[in-house]
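**Student:** All letters in the sequence shown, in the order written, are residues 8 to 333 by our numbering.
For glycine and all other residues, C-beta sits at the position ideal for the given N, C-alpha and C.
If you're wondering where the values come from, they're calculated on a predicted model, not measured in any experiment.
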Amino acid sequence: MDCPTRWNSTFRMLATALKFKTAFDPYKEREPYYDYTPSAEDWSKVEKVCKLLEVFDLATHVISGSEYPTSNLYLAEVWRVKQVIDNASEDEDLFMREMAAPMKEKFDKYWGECNLLMAIASVLDPRCKFHIVDICFPMIYKPAKVAIEIEKVRSSLENLYDEYVSLSIQESSSATENANGGGNNPTSSSEPRSSFTGFDQIMNLVREKEAVPPMKSELQAYYDEGVYVPDDDGNSFNALDWWRNNSFKYKVLSKMAADILAIPISTVASESTFSAGGRVIDEYRSKLNDESIEALICGGDWLRHKYNLMKKAKVDERHAVINLKI
């Protein structure tokens, strides 16, 4: 059944109806009280609406995925949604333009500024690297801001990489001090070590060389290397697995990529986003402000997590299973 507050249920209802398009006319001939047969014009509108909503449905499933990294997929999905909305706003049919106009206005309002960290995550996808920013930003931003925003992503990525390099050098220096008997070792001050084995001296020299940044940074080497082309269609590709397999080649960059790609775009299913408000804003709380609503939702989640409580639906489901077994 269609739910007026959920566009995804509308899409599934219309997509299912299209499969049985030819059954409506014969049913009308056999059932005299059936007066709701869609016309050819209605079916044409349904097909156009489904093509638009199908992109939203696919993007929702990609973004709400929990078994694979999603931050590197964010920019491509936003670009695709922007593309179909712009095309619908220029459609030859008036009803499509009227429907797409408020959608385009809302999209430009909420997504007019791309999330910088999500753009960096897209660059760290070895299948596309910086090409994805060059392709998507001209669609998302106005022409006067495209070059500025692209340069902002590039400079931010370089600055972030430099911070990871500095942390790596500090860690290497600490490891060298510990190897030389420094640090908090209580015996190092009273009984200093006067001689080292040859291998100890070699290891110290190796650590010093490793601590010095190479002439060509890992980030630049990553840019210069060609994009990775998966053997299959790419559906089973996992960016985190790729960086783990290439961690010896990109020692610092792989750590940065792991930290960024581990950030999920969404931590809940899309349906929960649509239905969460109804559980909080009932007829007795209809005038709550945004801060109070957010506090109620977050506070409830935190308390359930702290005391290991389950939501009522899950509790009822578990009791039903127990009763069934009994």
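#1: Is I139 closer than 8 Å to I267 when the C-beta atoms are compared?
#2: Taking the alpha-carbon positions, what's the M106 to K149 distance?
#3: Which first and last residues belong to the alpha helix (DSSP H) in which E61 is found?
#4: Can you tell me the Cα-Cα spacing of D169 and Q227, whole angstroms?
#5: Report the three-state DSSP secondary structure of I272 (helix, strand or coil).
#6: Taking DSSP as the reference, what is the three-state secondary structure of N211?
#7: Quick check on DSSP: helix, strand or coil for C135?
#8: Just the Cα atoms here: how many angstroms apart are Y235 and C135?
#9: Please determine, among S173, D238, D93, Y314, the residue with the shortest C-alpha to C-alpha distance to L260.
#10: Are K262 and Y171 closer than 8 Å when you measure CB to CB?
#11: Counting C-beta neighbours from all protein chains within 10 Å, is the total for P237 16 or more, i.e. buried, or is it exposed?
#12: Just the C-alpha distance for H326 and E61, rounded to the nearest angstrom, thanks.
#13: Do L123 and K159 count as a contact pair if the criterion is CB distance below 8 Å?
#14: Suppose you measure from the CA of V88 to the CA of F102; what does that come to, to the nearest Å?
#15: Alpha carbon to alpha carbon, how far is M20 from F244? Give it in angstroms, no decimals.
#16: Measuring alpha carbon to alpha carbon, tell me which residue in D248, A83, I147 is nearest D93.
#17: Which residue comes first and which comes last in the alpha helix (DSSP H) that contains K111?
#18: Compute the beta-carbon to beta-carbon distance between F31 and C57, rounded to the nearest angstrom, for a pair I have assumed lies under 8 Å.
**Tutor:** Checking against the coordinates, here is how it stands:
#1: no
#2: 22 Å
#3: 47–70
#4: 12 Å
#5: coil
#6: helix
#7: coil
#8: 8 Å
#9: S173
#10: yes
#11: exposed
#12: Reliability of the predicted coordinates at H326 is poor, the pLDDT of 46 falling under 50, and the value obtained from them is presented with this limitation in mind. If I take the Cα positions, the gap works out to 37 Å.
#13: yes
#14: 19 Å
#15: 32 Å
#16: I147
#17: 101–118
#18: So it is not a contact: roughly 16 Å between Cβ atoms.
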